[in-house]
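This report refers to the structure that appears directly beneath it.
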Amino acid sequence: MRVYLVIMDETDEASVALRFAARRAARTGGTVHLLALIPRQPFVAFSGVQATIEEEARARAEALVTSAAGSLMGDAPNPPAIAVRQGDGVQVIREYLTEHPEVSALVLGAAASGGPGPLVQHFTGTAGQLPCPLYIIPGNIGEADLERLC
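Residue numbers (this note's numbering): 1067 to 1216.
So this is what it looks like as structure tokens:
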């Protein structure tokens, strides 16, 4: 079974990448893994405040991937796997790929305008070192073109 790993955040390009992965999984009988990244929070001297900040960031990330997973239920034949991890995005994704050798492709969305984001920039430069293909979906791709790609 093909597994498409999508890195979820609140950007439009992540939504486009998710739609591509969901359609591709539906057509190939595969599934989608959703990974939300929580950046490391700046250190706060008071541990109670630090814990609250980290918990709020985790809650936002969990709500985001839960919502994304809910939107897939009609499109994907298999329920998505959900993961929320804290740390440096590149390192977390590499660790996830190592832990999940079943991942068939890493799917990232590219911004519709401006330069590439840090994940797209990093992984395009090191794509040959990945254990799976890298799909970069343009953030401004229309539904008809997206459908044609899948």
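Ideal placement from N, C-alpha and C gives every residue a C-beta, glycine not left out.
Residue i versus residue j: straight-line alpha-carbon distance, rounded
{"i": "Leu1071", "j": "His1099", "result": "5 angstroms"}
{"i": "Gly1105", "j": "Asp1075", "result": "The displayed chain sequence assigns Pro, not Gly, to residue 1105. Cα-Cα distance, rounded: 11 angstroms."}
{"i": "Ile1207", "j": "Ala1080", "result": "12 angstroms"}
{"i": "Ala1210", "j": "Phe1086", "result": "11 angstroms"}
{"i": "Gly1039", "j": "His1188", "result": "Outside the displayed span of the chain (1067 to 1216) sits residue 1039, for which this structure offers no information."}
{"i": "Gly1205", "j": "Leu1185", "result": "14 angstroms"}
{"i": "Thr1192", "j": "Ala1083", "result": "19 angstroms"}
{"i": "Leu1101", "j": "Arg1151", "result": "7 angstroms"}
{"i": "Gly1153", "j": "Ala1171", "result": "21 angstroms"}
{"i": "Leu1285", "j": "Ala1149", "result": "Because the chain in this structure spans residues 1067 to 1216, residue 1285 falls outside the shown range and cannot be described."}
{"i": "Ile1073", "j": "Gly1180", "result": "19 angstroms"}
{"i": "Thr1132", "j": "Ala1147", "result": "10 angstroms"}
Residues bridged to residue i [DSSP beta-bridge criterion]
{"i": "Ala1171", "result": "Tyr1070"}
{"i": "Arg1160", "result": "BP columns for Arg1160 are empty, so no partner."}
{"i": "Pro1204", "result": "Ala1176"}
{"i": "Val1150", "result": "Ala1102"}
{"i": "Thr1097", "result": "Val1069"}
Reference residue i, options the options, closest by Cα
{"i": "Val1077", "options": "Gln1187, Ala1177, Phe1086", "result": "For clarity, residue 1077 is Thr in the given sequence; the question names Val instead. For the residues Gln1187, Ala1177, Phe1086, the minimum Cα distance to Thr1077 belongs to Ala1177."}
{"i": "Pro1145", "options": "Gly1095, Ile1073, Glu1213", "result": "Gly1095"}
{"i": "Val1069", "options": "Leu1215, Gly1191, Glu1168, Gly1181", "result": "Glu1168"}
{"i": "Leu1200", "options": "Arg1160, Leu1103, Asp1154", "result": "Arg1160"}
{"i": "Cys1216", "options": "Ala1091, Thr1164, Met1067", "result": "Ala1091"}
{"i": "Thr1097", "options": "Asp1154, Leu1196, Met1067, Ile1073", "result": "Met1067"}
{"i": "His1166", "options": "Pro1182, Ala1088, Leu1196", "result": "Leu1196"}
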